[in-house]
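Engineer: Let me begin by handing over the structure; questions about it come next.
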Amino acid sequence: MRPFDYLIMKFASNAVTNMYRLDAPQFSDRVRTMELNVKRQLLEEFVREPGPSDTVLARQSAVIIQAQKGICHDAEITNDQKQDFESRIDRWIANAIITIRRVLTDFPDPRSASFQLEATKQLGLPVA
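Position in the sequence shown (first residue = 1) + 1 = the working numbering.
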């Protein structure tokens, strides 16, 4: 792991630790923000990365899952909270991949504006 990667993982672990210390409304807001960020990042990387879409999505999913494991390992939260966090990430990734694949059936070029706009809308991401 590169030093910069370590710092990012440490920052993410601290953010998750702090998130699980929030009260219910703030926790929900933070979780929603995190969900949008994960989906946005997955879509952006998918559009940028060359290769067959299934291969790209599988690689991205694996990277996010590895990051999730590292974050959970370092976060100062209970085992139940770790399971909760892991299941949320798993669900977000699965739903995003299903959505991206569905949009690809109508807009097969992920680099096209049509694909990106439709995927952004269907993922529930804000459109600027």
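Every residue, glycine too, gets a C-beta built ideally from N, C-alpha and C. The structure displayed is predicted, hence computed values, not measured ones.
Measuring CB to CB, does R102 end up less than 9 Å from L58?
Structural biologist: Taking 9 Å as the Cβ cut-off, R102 and L58 qualify as a contacting pair.
Engineer: Pull up the CB-CB distance for I94 and L43, whole angstroms please, since I reckon it's below 8 Å.
Structural biologist: With a Cβ gap of about 7 Å, I94 and L43 count as contacting.
Engineer: Which same chain residues, not among the five before or five after V128, have their C-beta less than 6 Å away from its C-beta?
Structural biologist: Excluding positions up to five away in sequence, the list reads T121.
Engineer: For V32 and I72, which I take to be in contact (beta-carbon distance under 8 Å), what is that distance rounded to the nearest angstrom?
Structural biologist: That pair is no contact at about 14 Å.
Engineer: Please identify the residue among A13, L37 and E119 whose C-alpha is closest to the C-alpha of E77.
Structural biologist: Ranking the options by Cα distance to E77, first place goes to A13.
Engineer: So is V64 buried or exposed if we call it buried at 16+ other beta carbons inside 10 Å?
Structural biologist: Exposed is the call here.
Engineer: Cα-Cα, which of F116, F86 and S88 is closest to R49?
Structural biologist: The candidate whose alpha carbon is nearest that of R49 is F116.
Engineer: Can the beta-carbon of G125 be found closer than 9 Å to that of L37?
Structural biologist: Going by C-beta atoms, G125 is nearer than 9 Å to L37.
Engineer: If we ignore side chains and look at the alpha-carbon of each, how far apart do D24 and T34 end up?
Structural biologist: Using only the alpha carbons, I get a separation of about 15 Å.
Engineer: Just to confirm the assignment, what range does the alpha helix (DSSP H) spanning P26 have?
Structural biologist: Here the alpha helix (DSSP H) through P26 covers A25 to R49.
Engineer: Ignore the nearest five residues each way along the sequence and tell me which others in A68's own chain have a CB closer than 8 Å to its CB.
Structural biologist: Excluding residues within five positions, the ones whose Cβ falls inside 8 Å are M10 and A13.
Engineer: Could you tell me the alpha carbon to alpha carbon distance between D30 and R22, rounded to whole angstroms?
Structural biologist: For D30 and R22, the distance between alpha carbons rounds to 13 Å.
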